[in-house]
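Per numbering that gives the first Met the number 0, the very first residue in the sequence shown carries number 0; after that it's consecutive.
All C-beta atoms in this analysis are idealised placements derived from N, C-alpha and C, irrespective of residue type, glycine included.
Only one structure is covered here, and it is reproduced in the block below.
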Amino acid sequence: MGCLAPVWRLVLAFVVGKRTQQSANLLLERVDAVTNSAIPLFTSDQLSEYPNALLHVYGQWYQPDRNGDRGRFPDPRKRPHPDLLYAQVVKQRERGQVVAVSTKVVFGQVQRLETCLKSLSTSQSINTSFVERQNLTLRQQNRRLTRKTNGFSKDLCWLEKQLWLSLAYYHLVLPHQSLRRELPTRQPTRGDGSEQRWQLVTPAMAAGMTQHIWTTQELLSYRVSADFLDTLTQKQNLFPDFEVIHQGK
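Okay, structure coming up:
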C-alpha cells in the first residue's frame, strides 16, 4: 500500500504487507507524520479499509445524542474533519473485465472537491492513474517487485529496507521527465552538441526538499543530522525496527 503526491511524483509513504485495516491505518499515520497541518485531497480505489483509516487519522471525536431521556449515552464516535476531502474511483466489472468507471465522493462536499480539483496542475478529474503508473514504475525499476521472478525478497524486513533505498534513489537521484523545467535562456553544453533547453528535476527537487540532483555516492554517504535522530523516538510506532534476519548459512 502506498500514497503518492502526483504534483511532485513523490511517494509520501508506503506499507509492506496485506491490505488490512491495520496496514491502512499505518499508511495514513505515516502520511500525516510527513505532511503539514493542511489535509490533502485523497482519491483511491474502493478498498473498504481506506475510509476507516482516514477517520482514524483525520477524524474528530463527538458525542452522539441519546435517544430519549433515559439510558446511557452512545459511545463517542468519529466523524470526518470539515477539511477532509476523499473520493473513490468505482469500477464495474463483468467476467473480470472493467465495463464502466464512475466516481463517488465519500467525505466532503462535492462543490469543494470540484473547486480543489480545478486548482490542481496534474488532473481535474477523480482518478487513480498517477499511483497506478507509479506502481508500474516501481515494478520496472525494482526486480524484487517484478512478477514471476526468482529475485523476490525471502523475508519481509529485507523487502521493506530495499524499498526505502530504491525510493531514496528515485526521489533524489533519478530525474523525472514530466517534472523538467524550461530554462529562461538556453545553456551551452560540452562539445558541439545542441544547447541545453531543459533543466532536469527530481521529485525531491520539485517538492523543495533539495536544490540539486544527487549522485549515488552522495546518497549512500549522506549523514543524518543529530536533530533528526533525536526525533526518531517519537516515530518508533510508525517505523518499527524489524528483527535482523540472516539469509542462508
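Which residues DSSP lists as bridging residue i, in chain order
i	result
E181	W197
Y85	F41 and F106
E113	Beta-bridge pairing links E113 to no other residue.
R92	V97
V223	Bridge partners of V223: none, in fact.
L9	A4
Exposed unless 16 or more other CB atoms sit within 10 angstroms - verdict on residue i
i	result
V282	Here the chain comprises residues numbered 0 to 248, so residue 282 is not present and cannot be evaluated.
R124	Sequence inspection shows Ser at residue 124; the Arg mentioned does not correspond to that position. The residue is exposed, with fewer than 16 neighbouring Cβ atoms inside 10 Å.
Y61	exposed
A205	buried
K248	Only weak support is given to the placement of K248: the predicted model assigns it a pLDDT of 43, under 50, and the value that follows is read from those uncertain coordinates. Answer is exposed; the Cβ neighbour count stays below 16.
T201	buried
E48	buried
W163	exposed
A4	buried
R8	buried
Q87	buried
S118	exposed
A12	buried
V10	buried
L84	buried
T232	exposed
8 angstroms CB neighbourhood of residue i in its chain, flanking five on each side removed
i	result
R65	R71, F72 and P73
T188	E194 and Q195
L237	L25, E28, R29 and A32
T121	P5, V6 and F129
L116	L40, S122, Q123, S124 and I125
K77	L54, H55, G58, Q59, W60 and Y61
P38	Contrary to the premise, residue 38 reads as Ile rather than Pro in this sequence. Only Y57, H80, D82, L83 and L84 meet the Cβ criterion.
Proximity winner among the options, relative to residue i (alpha-carbon distances)
i	options	result
T214	L171, S165 and L178	L171
L25	T42, P5, L53 and L135	L53
A203	L228, Y169 and P187	Y169
G58	D44, S122, T34 and G107	G107
L219	V6, L166 and N134	L166
L178	R185, Q198 and T184	Q198
V303	D82, F129 and T19	What is shown of the chain runs 0 to 248, which leaves residue 303 out entirely.
T19	L46, N35, P39 and T42	L46
P79	N51, Q96 and R146	N51
K147	R138, D154 and S36	R138
I212	S101, D191, K234 and L173	L173
Beta-carbon proximity list for residue i, same chain, < 7 angstroms, skipping 5 on both sides
i	result
H55	N24 and L27
V104	A86 and L112
S22	M0, V14 and G16
T127	T42, S43, D44 and V88
L228	none
T145	R138
D68	none
Same chain, Cβ closer than 6 angstroms to residue i, five either side skipped, listed in chain order
i	result
Q91	V98 and A99
P75	W60 and Q62
E159	V15
Q140	none
Within-8 angstroms CB hit, residue i to chain B
i	result
D44	Checking the listed chains, one finds no chain B in this structure; it contains a single protein chain.
Pick out the complete alpha helix (DSSP H) segments inside the region 129-185, 4 residues or longer, and give them in chain order. 155-171
If you scan the region 14-83 from start to end, which runs of the alpha helix (DSSP H) of 4 or more residues do you find wholly inside it? 20-33 and 48-57
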